[in-house]
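>
There are 2 protein chains.
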Amino acid sequence: MPITNKNNTDYHQLRALLRTLQNTTMQKPSIPQGTRDFSPAEVRKRQYILGTLRTIFELYGFQPLETPSMEYLTTLTGKYGEEGDRLIFKILNNGLHEKNEAGKAKLNEEWNTLLSKPYSTPAVTERALRYDLTIPFARYVVMHQNDLAFPFRRYQMQPVWRADRPQKGRYREFWQCDADVVGSVSLINEAELLCIYQGAFQQLLLPVCIKINSRKLLAALSELCGMPEKMMDITIALDKLDKIGWVGVANELKERGIAEEGIWQIERVINVTGNNEEKLAAYTDIMQHSPSGIAGINEISKTLAYYQSLASAEWQGQIMVDISLARGLNYYTGVIVEVVCTHPKVKMGSIGGGGRYDDLTGLFGLKGLSGVGVSFGIDRIYDVIEELNLFPEQLATGSVAMLVNFGGDNELYALQLLRQLRTAGIAAELFPDSVKFDKQMKYANKRGFAYVLLPGDEEREKGLISMKNYATGEQKMVSIDDCVTQLK
Amino acid sequence: MPITNKNNTDYHQLRALLRTLQNTTMQKPSIPQGTRDFSPAEVRKRQYILGTLRTIFELYGFQPLETPSMEYLTTLTGKYGEEGDRLIFKILNNGLHEKNEAGKAKLNEEWNTLLSKPYSTPAVTERALRYDLTIPFARYVVMHQNDLAFPFRRYQMQPVWRADRPQKGRYREFWQCDADVVGSVSLINEAELLCIYQGAFQQLLLPVCIKINSRKLLAALSELCGMPEKMMDITIALDKLDKIGWVGVANELKERGIAEEGIWQIERVINVTGNNEEKLAAYTDIMQHSPSGIAGINEISKTLAYYQSLASAEWQGQIMVDISLARGLNYYTGVIVEVVCTHPKVKMGSIGGGGRYDDLTGLFGLKGLSGVGVSFGIDRIYDVIEELNLFPEQLATGSVAMLVNFGGDNELYALQLLRQLRTAGIAAELFPDSVKFDKQMKYANKRGFAYVLLPGDEEREKGLISMKNYATGEQKMVSIDDCVTQLK
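Taken in order, these protein sequences are the chains called A and B.
Taking our numbering, I'd label the letters of the first sequence as residues 5 to 492.
Taking our numbering, I'd label the letters of the second sequence as residues 5 to 492.
1. Taking only beta carbons into account, state which residues of the region 66-96 of chain B come closer than 9 Å to chain A, listed in chain order.
2. Please give me, in chain order, every unbroken run of the alpha helix (DSSP H) with length at least 4 that falls completely inside the region 28-92 of chain B.
3. When you compare the CB of Asp-184 (chain B) with every CB in chain A, is at least one pair closer than 7 Å?
4. Which full runs of the alpha helix (DSSP H) of 4+ residues lie inside the region 238-284 of chain B, going along the chain?
5. Across the region 350-359 of chain A and the region 305-313 of chain A, are there enough close Cβ pairs to call them in contact, namely three or more that are closer than 8 Å?
6. Between the alpha carbons of Val-212 (chain B) and Met-324 (chain B), how many angstroms are there, rounded?
7. DSSP on Asn-217 (chain A), reduced to helix/strand/coil?
8. Grouping DSSP H, G and I as helix and E and B as strand, with all else coil, what is Lys-94 (chain B)?
9. Measure from the alpha carbon of Tyr-287 (chain B) to the alpha carbon of each residue in B:Gly-460, B:Arg-360, B:Gly-412 and B:Ser-218, then state which is nearest.
10. How long is the line joining the alpha carbons of Asp-363 (chain B) and Thr-337 (chain B), rounded to whole angstroms?
11. Name the two residues that bound the continuous beta strand (DSSP E) containing Met-161 (chain B).
12. So with Cβ pairs under 7 Å, would you call Trp-250 (chain B) a contact of chain A?
13. When the Cα atoms are used, what is the spatial distance from Arg-464 (chain A) to Asn-302 (chain B)?
14. Report the residues of the region 396-410 of chain A with a CB closer than 7 Å to any CB of chain B, ordered along the chain.
15. Among all the DSSP beta bridges, which residues are the ones paired with Lys-446 (chain B)?
16. Does Thr-125 (chain B) pass the burial test, meaning 16 or more other C-beta atoms within 10 Å, or should it be called exposed?
17. DSSP has Asp-184 (chain B) in a bridge; who is on the other side?
18. For Val-439 (chain A), which residues from the same chain have a beta carbon less than 7 Å from its beta carbon, with the 5 sequence-adjacent residues on both sides left out?
19. Helix or strand or just coil, what does DSSP make of Ile-298 (chain A)?
20. Using only alpha-carbon positions, find the residue among A:Gly-467, A:Tyr-474 and A:Val-378 that is nearest to Val-456 (chain A).
21. Against chain A, does Ala-153 (chain B) count as a neighbour if the rule is that its beta carbon must be under 7 Å from one of theirs?
22. Does Ala-432 (chain A) come out as helix, strand or coil in the three-state DSSP assignment?
23. Apply the 10 Å Cβ neighbour rule to Trp-165 (chain B) and answer buried if 16 or more other Cβ atoms are within range, or exposed otherwise.
24. My output table needs one value for Trp-179 (chain B): the three-state DSSP class, helix, strand or coil.
25. On the three-state DSSP scale, how would you describe Asp-362 (chain A)?
26. Does DSSP classify Leu-329 (chain B) as helix, strand or coil?
27. Can you check whether the CB of Val-378 (chain B) is closer than 7 Å to the CB of Gly-358 (chain B)?
28. Any beta carbon from chain B within less than 7 Å of Trp-319 (chain A)'s own beta carbon?
29. Are the beta-carbon atoms of Asp-182 (chain A) and Gln-149 (chain A) separated by less than 7 Å?
30. Can you pull the chain B neighbours of Leu-416 (chain A), defined as C-beta to C-beta under 7 Å?
31. From the DSSP output, which residues share a beta bridge with Val-212 (chain A)?
32. Can you find a CB in chain A that lies within less than 7 Å of the CB of Phe-42 (chain B)?
33. Is the Cβ-Cβ distance between Gly-411 (chain B) and Gly-381 (chain B) less than 7 Å?
34. For the beta strand (DSSP E) containing Ala-153 (chain A), name the first residue and the last one.
35. What whole-angstrom Cβ distance do Gln-67 (chain B) and Pro-44 (chain A) have, given they're in contact under 8 Å?
36. Less than 7 Å between CB atoms is the rule here; does Leu-25 (chain B) satisfy it with respect to chain A?
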């Protein structure tokens with residue numbers, strides 16, 4: 005029936021009805037861009053990584069800390085640069101519509117501010133989602149400075165949120181994993197963190213190289229050029245050595261105003277080859293007149309010596325002094341490290357990094373507390389382990405075996421068997437409904453159990469159980485005890 | 005110098021300076037109301053609870069799921085009632101100040117809506133923080149219905165956020181822990197969930213009573229009164245039996261319009277005593293003409309029979325049929341359960357609960373999927389275990405032993421010993437700085453290690469180690485092997 009304007013009432017009624025229908029039409033559910041659901045297999049694999057790290061941290065006397073997902077905006081803003089401020093997720097204050105006249109006037113005022121720049125709006129939004137784990141850690145240490153035993157060693161594994169444009173490998177909700185020591189200047193801490201890296205990647209079966217440098221050596225390079233004020237320029241240029249080679253770096257140094265003589269000095273240092281001892285000896289020779297150079301070399305040597313005493317000898321990986329290692333963040337002041345996976349199949353940047361910083365807690369009024377920390381790139385580590393197929397197989401399925409449900413007395417027999425398996429610590433399940441065999445096997449197929457157990461009439465009467473090995477297809481009838489032993 | 009209006013320029017400059025000073029004055033850091041930092045000991049205790057539950061869930065073939073902290077507002081609104089909508093934390097969209105003219109006009113329009121009611125504002129806010137684990141689970145199942153193997157058993161342990169007024173035991177960020185099965189109507193699922201409760205609380209050493217009822221019995225009570233439409237009224241009144249006694253409930257039933265004869269019928273049912281078999285037999289007698297009564301009794305009997313075959317016989321706790329158990333949520337349709345701690349010292353409501361619901365995923369367009377689930381009240385369970393002092397002792401400190409740092413060669417000796425301890429799996433730490441003995445012992449005191457190890461000159465020369473037992477004060481010099489054995 006065509007709709008005309010002739011009968012206006014009908015027309016409007018119909019329009020209203022259509023609108024209602026549209027509103028109640030089921031939306032196809034989805035999740036926000038840059039966020040992820042983690043399927044059972046993915047959660048188990050992540051737990052495997054986090055559990056491995058947790059065990060190592062605890063073994064090294066690091067203590068777990070968890071901070072709230074929300075912090076006051078005032079705690080976060082101004083800590084991550086202008087770009088960072090822009091990417092903080094802010095939470096709308098609740099009950100805005102319940103405010104009185106004066107409250108709404110204030111809200112409207114702030115709303116106008118908000119449309120011109122993204123902060124200073126406590127009436128509209130005073131809380132935000134955690135942007136990293138470092139600032140909340142500093143905030144925690146300052147708040148609890150009188151209760152904490154220093155040096156305070158903490159690890160923290162929690163999600164953080166950034167309103168970055170999502171792309172492959174970059175998410176708006178992702179996990180960070182940090183281990184830090186604050187309140188100690190001893191290089192034993194640096195050595196312990198190297199051991200933690202070594203132990204963690206050894207257990208995760210990942211071949212890695214840990215690069216080590218000191219910010220003081222980068223300072224020494226600028227002194228060597230006679231341009232100590234150019235340290236950041238030199239650092240930024242050197243950071244690209246891997247990507248653009250020495251010729252590219254030399255050009256960039258020139259563009260950044262380093263004189264020929266200075267560039268030649270840097271080239272001399274970069275060209276030093278050999279093992280760590282040989283490199284450090286050559287640097288000592290070149291930098292003998294630079295106090296920061298000597299300090300940096302001593303830092304690295306001492307860290308490596310401590311590491312030798314502390315580390316397991318069996319490790320296949322490598323620690324490599326690399327004077328071109330820069331690490332972006334400005335707040336590092338001493339030893340810096342970075343971890344790269346050395347497997348030839350893996351094309352991935354660093355999977356971890358860290359270093360020593362001074363005065364992080366100074367941001368919140370507690371001065372003079374030195375710290376050193378490392379972080380693990382959980383998402384990247386996950387991708388590398390997946391690529392190299394190094395996750396333990398069992399993580400994919402969970403349960404080892406499924407019992408087919410043949411109903412009636414067989415169902416009760418199956419339940420008793422299930423109890424025995426679980427008492428022995430074997431993860432197993434019974435198909436809960438006694439539906440057609442095919443339907444049950446379809447489920448088993450999808451889940452991918454190692455074994456399917458068949459408690460039918462014959463098995464029940466004999467007090468035995470048939471086991472079907474899913475990989476080989478082999479099926480045999482065994483005693484309950486044998487079944488338990490085999491599944492264990 | 006008093007400030008006058010005489011020299012206007014100076015005055016304004018001074019005001020500006022003061023404002024700058026105020027802005028840069030260090031704020032005392034704090035965290036938002038209703039959120040918590042978890043100290044190392046607290047994280048370990050929570051991990052102990054979550055780890056225990058995780059192990060049980062996996063043993064029963066339940067699979068882990070994790071969903072994003074943020075969901076689209078459209079996924080969440082309208083699912084938790086009007087009060088729930090009010091308490092959802094909404095996230096401000098990013099880059100509002102970067103919008104063009106048209107964008108800002110739209111924003112201003114929505115802003116005005118936002119000040120009159122708290123939703124329908126996708127330009128200002130389109131994402132919100134997870135409010136519970138049930139709706140994200142339903143959303144996940146619908147999105148992945150073609151990949152999932154049904155019945156799908158999942159557990160999920162994640163924080164949720166609610167803008168509730170904070171008070172003792174009520175937080176704005178808190179953890180939920182749910183286990184559900186969807187896609188199976190078998191009562192074996194109900195029995196498995198009872199076993200999970202039983203196993204979890206047995207491992208956590210908590211004495212509990214699990215109350216069981218069926219929504220169908222509550223329907224039968226209303227039929228018994230001849231007022232099937234009054235089921236919710238009867239449920240609400242009965243739910244208060246613990247608090248206000250039968251006289252109070254009878255009064256409320258009267259106020260809610262139940263006739264004398266009906267109240268008498270209900271009293272007759274409530275007064276039934278005895279063990280579960282006796283109660284169910286008496287109910288069968290009373291409700292023989294009510295189809296939903298008979299269905300409810302069968303549901304409970306069959307669940308208990310399955311449970312008997314499946315459960316460990318050693319458990320000290322109790323499962324009790326309780327016809328007054330109601331559970332607030334409307335969506336339950338079959339068996340319902342609730343867990344209470346029975347230790348006489350504990351005054352706490354339920355520490356867990358759940359039941360069967362039909363058609364949860366219908367909200368997102370997938371009809372006819374029955375489900376049953378239970379949840380664990382993590383914060384309450386934590387409080388009860390703490391009150392009864394049932395957390396394992398080691399959780400408080402982490403490391404078992406601290407090595408005192410006597411510097412120089414002794415430091416290297418200590419590092420080698422530390423390596424041996426850790427290789428043997430013993431969590432230990434060396435004080436990283438060779439500062440005064442008193443300062444090191446002050447740290448050890450605060451941390452509360454079981455042992456302090458003293459690798460001094462004599463110990464190093466003899467290749468031995470002195471162990472000081474912190475509880476007894478006893479100190480002795482032993483071989484490294486003995487030390488490792490004793491700490492293990």
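Note that CB positions come from ideal geometry on N, CA and C, so glycine has one too.
Answer, in terms of the structure:
1. Phe-66, Gln-67, Pro-68, Leu-69, Glu-70, Thr-71, Pro-72, Ser-73, Met-74, Glu-75, Tyr-76, Thr-78, Thr-79, Arg-90, Leu-91, Ile-92, Phe-93, Lys-94, Ile-95 and Leu-96
2. Listed in chain order, the complete alpha helix (DSSP H) runs (minimum 4 residues) inside the region 28-92 of chain B are 44-63, 77-80 and 85-91.
3. To locate residue 184 (chain B), count along the second sequence from 1; it is residue 180. Not closer than 7 Å to any Cβ of chain A, the Cβ of Asp-184 (chain B) fails to qualify, so no.
4. Scanning the region 238-284 of chain B for uninterrupted alpha helix (DSSP H) segments of 4 residues or longer gives 245-259 and 264-274, listed from N- to C-terminal end.
5. no
6. For this step, residue 212 (chain B) is matched to residue 208 along the second sequence. For this step, residue 324 (chain B) is matched to residue 320 along the second sequence. Val-212 (chain B) and Met-324 (chain B): Cα-Cα distance of roughly 11 Å.
7. Taking the first sequence and counting its residues from 1, one reaches residue 217 (chain A) at position 213. Three-state DSSP puts Asn-217 (chain A) in a strand.
8. For the purposes of this step, residue 94 (chain B) is taken as the residue at position 90 of the second sequence. Here Lys-94 (chain B) carries a strand assignment [DSSP, helix/strand/coil].
9. As a working note, residue 287 (chain B) is residue 283 in the second sequence. Residue B:Ser-218 is the option with its Cα nearest to Tyr-287 (chain B).
10. Against the second sequence, residue 363 (chain B) aligns to sequence position 359. Against the second sequence, residue 337 (chain B) aligns to sequence position 333. When the Cα atoms are used, Asp-363 (chain B) and Thr-337 (chain B) turn out to be separated by approximately 10 Å.
11. Numbered from its first residue, the second sequence carries residue 161 (chain B) at position 157. First-last of the beta strand (DSSP E) with Met-161 (chain B): 156-165.
12. Position 246 of the second sequence, counting from 1, holds the residue named residue 250 (chain B). So, not an interface residue.
13. Along the first sequence, read from residue 1 onward, the residue named residue 464 (chain A) stands at position 460. Along the second sequence, read from residue 1 onward, the residue named residue 302 (chain B) stands at position 298. For Arg-464 (chain A) and Asn-302 (chain B), the distance between alpha carbons rounds to 26 Å.
14. Gly-402 and Ser-403
15. On the second sequence, position 442 is the one that residue 446 (chain B) refers to. According to DSSP, which records beta bridges pairwise, Lys-446 (chain B) is partnered with nothing at all.
16. Sequence index remark: in the second sequence, residue 125 (chain B) carries index 121 (1-based). It is buried - the Cβ of Thr-125 (chain B) has at least 16 other Cβ atoms within 10 Å.
17. Indexing the second sequence from 1 puts residue 184 (chain B) at position 180. Asp-184 (chain B) pairs with B:Arg-158 and B:Gly-377.
18. Start at 1 with the first residue of the first sequence, and residue 439 (chain A) comes out as number 435. Excluding residues within five positions, none has a Cβ falling inside 7 Å.
19. As a working mapping, residue 298 (chain A) is identified with position 294 in the first sequence. Helix, per DSSP.
20. Here the question's residue 456 (chain A) lines up with position 452 in the first sequence. Taking only the C-alpha atoms, the option nearest Val-456 (chain A) is A:Tyr-474.
21. Position 149 of the second sequence, counted from the first residue, corresponds to residue 153 (chain B). So yes, Ala-153 (chain B) belongs to the interface.
22. As a first step, residue 432 (chain A) must be located in the first sequence, where it is residue number 428. Ala-432 (chain A): strand per DSSP, three-state reduction.
23. Looking up residue 165 (chain B) in the second sequence gives position 161. Label assigned to Trp-165 (chain B): buried.
24. On the second sequence, residue 179 (chain B) is found 175 positions in, with the first residue counted as 1. Strand, per DSSP.
25. Within the first sequence, residue 362 (chain A) is the residue found at index 358, counting from 1. Shown here, Asp-362 (chain A) sits in a strand according to DSSP, grouped into three states.
26. Counting from 1 along the second sequence, the entry for residue 329 (chain B) is found at position 325. Looking at Leu-329 (chain B) - three-state DSSP - the assignment turns out to be coil, as it is neither helix nor strand.
27. For this step, residue 358 (chain B) is matched to residue 354 along the second sequence. For this step, residue 378 (chain B) is matched to residue 374 along the second sequence. Yes, Cβ-Cβ distance for Gly-358 (chain B) and Val-378 (chain B) is below 7 Å.
28. The count along the first sequence starts at 1 and reaches residue 319 (chain A) at position 315. No, no contact with chain B.
29. Here residue 182 (chain A) is taken as the residue at index 178 of the first sequence, counted from 1. Here residue 149 (chain A) is taken as the residue at index 145 of the first sequence, counted from 1. Result no, Cβ atoms of Asp-182 (chain A) and Gln-149 (chain A) do not sit closer than 7 Å.
30. Counting from 1 along the first sequence, the entry for residue 416 (chain A) is found at position 412. Result: Ser-313.
31. For the purposes of this step, residue 212 (chain A) is taken as residue 208 along the first sequence, with counting starting at 1. Partner(s): A:Cys-345.
32. Walking along the second sequence from the start, residue 42 (chain B) turns up at place 38. Answer yes: the Cβ-Cβ gap between Phe-42 (chain B) and chain A drops below 7 Å somewhere.
33. Working through the second sequence from its first residue, we reach residue 411 (chain B) at position 407. Working through the second sequence from its first residue, we reach residue 381 (chain B) at position 377. No; because the gap between Cβ atoms is not below 7 Å, this pair is not in contact.
34. Translated into positions along the first sequence, residue 153 (chain A) becomes position 149. Per DSSP, Ala-153 (chain A) belongs to no beta strand (DSSP E) and is neither H nor E.
35. Stepping through the second sequence from its first residue, residue 67 (chain B) is reached at position 63. Stepping through the first sequence from its first residue, residue 44 (chain A) is reached at position 40. Sure, about 4 Å apart at Cβ, within 8 Å.
36. Sequence index remark: in the second sequence, residue 25 (chain B) carries index 21 (1-based). Residue placement at Leu-25 (chain B) cannot be trusted, given a pLDDT of 49 that sits under 50; the coordinates are not used to answer.
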